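Chemist:
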Amino acid sequence: MIFLITALSFEAKPLITHFHLSKQEGSLPVFSAGEITLLVTGSGPMNAASHTAACLSRFELTPSDFLINIGICASLDPGLETKPVLIHKLSDLSSDRDYYPDLLCTSLREEARLLSGAKVFRAEESDLPLPMKDTVYDMEGAAVYHAGSLFFGPHQMRFIKLISDYGRDFPSPKEISALMQEFIPMLEEEIEAMKTQCFALPKETIDTEAVEDLFLPSASMRRQIHQLILYCTLAGISWQECIERCRNEGLLPAENREEGKKRLEELRNELLA
Amino acid sequence: MNFLPKFSHIYVEEELADHPETKRILARFPASHVIFIRRYTDVFNRKKQSFETQMKSQALILAKKHGTLLYEGSPVCHRFGSERFFYTTTALNCMFSCDYCWLKGIYAGAFIVLFVNTEDYFLACKEALKDGPLFLSLSYETDLFPLEEISGHLHRWTEFAKGEETLLAEVRTKSSRTDLLPLFAGHRNLILSWTLSPEEIITACEHFTPSLSKRIHAVNEAIALGCSVRLALDPMIHVPGWKSVYESFLKELSASLEFDGIRDISIGSYRQSDEYQKKMRRRFPDLACAQYPYISESGFSRYRDHREMTQWLKERLRQFVPEEKIFTLPEDL
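Next comes the structure, spelled out in C-alpha cells:
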C-alpha cells in the first residue's frame, strides 16, 4: 500500500484526479484506488499527527508499504529555487526533536532540511536566524514522521516539499494545485524509487504443525521442530524425505512423548550431520 | 531504479563540523549530501531500520566517541594467552556483509560510523599501558581495510603502535588488499589476522568479500614482507556436509599457503550471545545462518557439535603447524 499524505485539499485535488481516487466512507478524508491511499490531514501538526496515526492504524501494514508526505513549504534560503526538494532531516521546532528518513533510492537531486512549526511562516515576524541555507519550513512534516514512525521504519517514509513562497506573497489555492499538478510525473518516479527501497519478498510461512504433531511434542519440542525444519528449508536440506521414511518405517507418529523425543534427536542428528 | 551509491549521504555530528578529519573526509565526497546531526545515535539507533536495505546504499556517519574507548574482550573471543585483552571500536559496521556476522545482531542499522577522534583513543591506550602490556583488537566491530581510504585509521594506528612496545595490536580482515601491508611489515607488535573460509562459504555467506585465493595471495605477500600474520579459521560454519567442505578448504590452504611464516592460527565455530541471536532471527528470517537450530550454552548460541567441529579442524591443522600455534577456545575443549 502506498500512502500519499497531504495537508490541504487543494494539494490533494490534482492527485485525486490523476490517480482516479475516490472518497472512502468514514470520518477521515481518505481517497483511494488500487495500491494508492491518499490522506488529507488538514493544516498544522496536531491535524497531521492525529490523522496520520488514525489512518495508518486501520491497515494491516506490510514491509513493502510506505508513505510519502507531499506538500508546499516556505523556503528559508533565497537561493533555493521553486522546485521539489527531498527532505533529509526534519526538525520539530516545538519539541526540538530531529527525524531522519532514509534516502537510499531516489530520482530527486535537490535536498533540504525541513523545519516544522505550529504557525504559518511569515518572514517579517519570524525569529529564526534567516537566511538558513538549504532549509525549508512547513507545519506538518515532523508530525507526519512522528506518527508514521509508529508504523513504519525510516526507509518507509519519504518527505517531498514544493517551495511555494519565501514567507511572503503566499500562493493562491489555484497556484498550489498547479504546483502539485506539475510535480505529478516526479511523484510517480519517486513512488517507483520507494517501491525499490521498500521491496520485500512476501514472507513465506512454513506450516510445520502437522509434522510437529507426529512427535507428540511439548511446547518446547514444538519450537525445536519448527526451528529445525525452518533451517533445513533455508539450507536446502530435504527434511521431507526423512519424515516420509520414518513414517514408512513406522517410527512416526511416536507412541508417546519419550519416543517422540528420541525420534526428534534422531532426526536432528540425521539432518544436521 | 537503482540504489544510490555508498556514502551518497554523510551524517556529521555538529561538534565535528570543523574537525580536520571531517574536512578531509568530506573533501573526498564532493557530490555527497552532508547532513548535520547532534549525536550519531540519533541516526544509528533509530527504530525499525532495515539493515538489509541499508546495506544496498550505506551512509557514512562521522562521530566523536565519548566515554569508554577501550573495552575488555569478550570471553568467547581468543585471547592468545594474553593477560589483558581489550578491544576498541574506531568504526562500527562494515562494508562487507557476512550472513553470520554478529554486527547484524548488535546494531539496529547498517550505516557505517567512523569515530574521527583517534587522538583520544591513543591517550586512553597510553593510560591503559601504564598498568602493563596490552593485547588490543583494533577491528572488533568493523573491517578497517576497505575503509582505509576514508578513515585513515590503519595508518594512524600502526604509526602509534610502533612507538608502544608493550602494546600488541591486532587488525583482523577479509581483505585482499596488499598496498597496506607495508604498514605492518617488520613490526612484531602489529598482528595482521586474516579470516579464511572455504570458498563455498565465502560465496554463500560472505558478501562483497574477496575470494579465498585472493586472500591467500594477500597472506603470502604479508609473510614475504615480514609481517606478523595470524590466520583465523573462525567462525567455522555448519553447512551441510561441512567435513568435506572444510577438507577441500584445508587441501587448498596446504597447497598454496606458506604455513611456515604463520605466527599462529585461531579456530572456533560460530557463537553468538543468545540475546543477539534472537535479534538476528527476527531481523533475518530468510538467512540460514540466523535460523540454524543452535543450542544455548552459558548464554551463547552454538552448534550442538561445536566441540567436534573444532577438534576435527585442529587435528587436521596439526599436519601443517605445530599444536602450540593453534589456539582454540576453552569451551571447545
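Those protein sequences? They're chains V and B, same order as listed.
Going by this note's numbering, the first residue of the first sequence is number 1, and it counts up by one from there.
Going by this note's numbering, the first residue of the second sequence is number 274, and it counts up by one from there.
Positions of the beta carbon are idealized from the N, C-alpha and C atoms, including for glycine.
Keep in mind the model is a prediction, meaning the values are calculated, not measured.
Under the rule that 16 or more other beta-carbon atoms within 10 Å means buried, what is Gly382 (chain B), buried or exposed?
Modeler: To locate residue 382 (chain B), count along the second sequence from 1; it is residue 109. It counts as buried.
Chemist: Report the neighbours of Ala561 (chain B) on chain V: residues whose CB is nearer than 7 angstroms to its CB, in chain order.
Modeler: Counted from its first residue, the second sequence places residue 561 (chain B) at position 288. Near Ala561 (chain B) (Cβ distances below 7 angstroms), the residues of chain V are Tyr231, Leu234, Ala235.
Chemist: Quick one: list the residues of chain V neighbouring Ser323 (chain B), beta-carbon separation under 7 angstroms, in chain order.
Modeler: Reading the second sequence from its first residue, position 50 is the one you call residue 323 (chain B). What Ser323 (chain B) touches in chain V: Gly153, His155.
Chemist: Express the C-alpha separation of Lys89 (chain V) and Ala273 (chain V) in angstroms, rounding to a whole number.
Modeler: As a working note, residue 273 (chain V) is residue 273 in the first sequence. As a working note, residue 89 (chain V) is residue 89 in the first sequence. Whole-angstrom Cα-Cα distance: 51 angstroms.
Chemist: For Cys198 (chain V) and Ala528 (chain B), I'd like the C-alpha separation in whole angstroms.
Modeler: As a working note, residue 198 (chain V) is residue 198 in the first sequence. As a working note, residue 528 (chain B) is residue 255 in the second sequence. One C-alpha to the other measures close to 46 angstroms.
Chemist: Classify Lys174 (chain V) as helix, strand or coil using the three-state DSSP reduction.
Modeler: Residue 174 (chain V) sits at position 174 when you count from the first residue of the first sequence. DSSP places Lys174 (chain V) in helix when its eight states are reduced to three.
Chemist: Quick one: list the residues of chain B neighbouring His88 (chain V), beta-carbon separation under 8 angstroms, in chain order.
Modeler: By 1-based counting over the first sequence, the position of residue 88 (chain V) is 88. Within 8 angstroms Cβ-Cβ: His282, His306, Ile308.
Chemist: Cβ of Phe151 (chain V) within 8 angstroms of Cβ of Leu61 (chain V)?
Modeler: As a first step, residue 151 (chain V) must be located in the first sequence, where it is residue number 151. As a first step, residue 61 (chain V) must be located in the first sequence, where it is residue number 61. Yes, these two residues count as a Cβ contact at 8 angstroms.
Chemist: With respect to the beta strand (DSSP E) encompassing Trp467 (chain B), which residues constitute its N-terminal and C-terminal limits?
Modeler: By 1-based counting over the second sequence, the position of residue 467 (chain B) is 194. The continuous beta strand (DSSP E) containing Trp467 (chain B) extends over residues 463-468.
Chemist: So that I know if they touch, is there some Cβ in chain A lying closer than 8 angstroms to that of Lys551 (chain B)?
Modeler: No chain A is part of this structure, whose protein chains are labelled V and B.
Chemist: Within the chosen definition, does the segment 226-245 of chain V reach the segment 571-590 of chain B through at least 3 CB pairs nearer than 8 angstroms?
Modeler: no
Chemist: I need the DSSP call for Tyr166 (chain V), collapsed to helix, strand or coil.
Modeler: Here the question's residue 166 (chain V) lines up with position 166 in the first sequence. Looking at Tyr166 (chain V) - three-state DSSP - the assignment turns out to be coil, as it is neither helix nor strand.
Chemist: Taking 8 angstroms as the threshold (C-beta atoms), are Ile538 (chain B) and Leu219 (chain B) in contact?
Modeler: The shown model of chain B, from 274 to 606, leaves out residue 219 (chain B), and the question about it has no answer.
Chemist: So what's Lys551 (chain B) in DSSP terms, helix, strand or just coil?
Modeler: Here residue 551 (chain B) refers to the residue found at position 278 of the second sequence. Correct three-state label for Lys551 (chain B): helix.
Chemist: Less than 8 angstroms between the C-beta atoms of Leu454 (chain B) and Leu409 (chain B), yes or no?
Modeler: The sequence position of residue 454 (chain B) within the second sequence is 181, counting from 1. The sequence position of residue 409 (chain B) within the second sequence is 136, counting from 1. Not closer than 8 angstroms, so no.
Chemist: Tell me whether His428 (chain B) is buried or exposed, calling it buried when 16 or more other Cβ atoms sit within 10 Å of its Cβ.
Modeler: Counted from its first residue, the second sequence places residue 428 (chain B) at position 155. With fewer than 16 Cβ atoms within 10 Å of its Cβ, His428 (chain B) is classed as exposed.
Chemist: Let me confirm a value: Asp102 (chain V) is counted as buried when at least 16 other C-beta atoms fall within 10 Å, else exposed. Which label applies?
Modeler: By 1-based counting over the first sequence, the position of residue 102 (chain V) is 102. Under this definition Asp102 (chain V) is a buried residue.
Chemist: Output, in chain order, the set of chain V residues within a Cβ distance shorter than 7 angstroms of Phe395 (chain B).
Modeler: Residue 395 (chain B) sits at position 122 when you count from the first residue of the second sequence. Ordered by position in chain V, no residue passes the 7 angstroms Cβ test against Phe395 (chain B), which lies about 31 angstroms from the chain.
Chemist: By the criterion of Cβ-Cβ separation under 7 angstroms, what are the contact partners of Ala193 (chain V) in chain B?
Modeler: If you number the first sequence from 1, residue 193 (chain V) lands on position 193. Within chain B, the residues near Ala193 (chain V) are Met274.
Chemist: Buried or exposed: Pro303 (chain B), going by 16 or more other Cβ atoms within 10 Å of its Cβ?
Modeler: Looking up residue 303 (chain B) in the second sequence gives position 30. In this structure Pro303 (chain B) is exposed. Its beta-carbon is surrounded by fewer than 16 other beta-carbon atoms within 10 angstroms.
Chemist: Would the segment 182-198 of chain V count as touching the segment 107-114 of chain V if we require 3 or more Cβ pairs under 8 angstroms?
Modeler: In short, these stretches touch, since the Cβ pair count reaches three.
Chemist: Rounded to whole angstroms, how far is the Cβ of Ser424 (chain B) from the Cβ of Leu387 (chain B), which I believe are closer than 8 angstroms?
Modeler: Position 151 of the second sequence, counted from the first residue, corresponds to residue 424 (chain B). Position 114 of the second sequence, counted from the first residue, corresponds to residue 387 (chain B). Contact check for Ser424 (chain B) and Leu387 (chain B): beta-carbon distance about 5 angstroms, within the 8 angstroms limit, so the pair qualifies.
Chemist: How would you list, in chain order, the residues of chain B whose beta-carbon sits under 8 angstroms from the beta-carbon of Thr208 (chain V)?
Modeler: Taking the first sequence and counting its residues from 1, the one referred to as residue 208 (chain V) is at position 208. Under the 8 angstroms cutoff, chain B gives no residues; its nearest Cβ is about 12 angstroms from Thr208 (chain V).
Chemist: Could you tell me the boundaries of the beta strand (DSSP E) in which Ala73 (chain V) lies?
Modeler: Translated into the one-based positions of the first sequence, residue 73 (chain V) becomes position 73. A small fix is needed here, since residue 73 (chain V) is Cys in this sequence, not Ala. Its beta strand (DSSP E) spans residues 66-75.
Chemist: Once you ignore the five residues that flank Asp65 (chain V) on each side, which residues in its own chain have a CB closer than 8 angstroms to its CB?
Modeler: Walking along the first sequence from the start, residue 65 (chain V) turns up at place 65. The residues are Met1, Ile2, Phe3, Phe59, Phe152, Gln156, Cys198.
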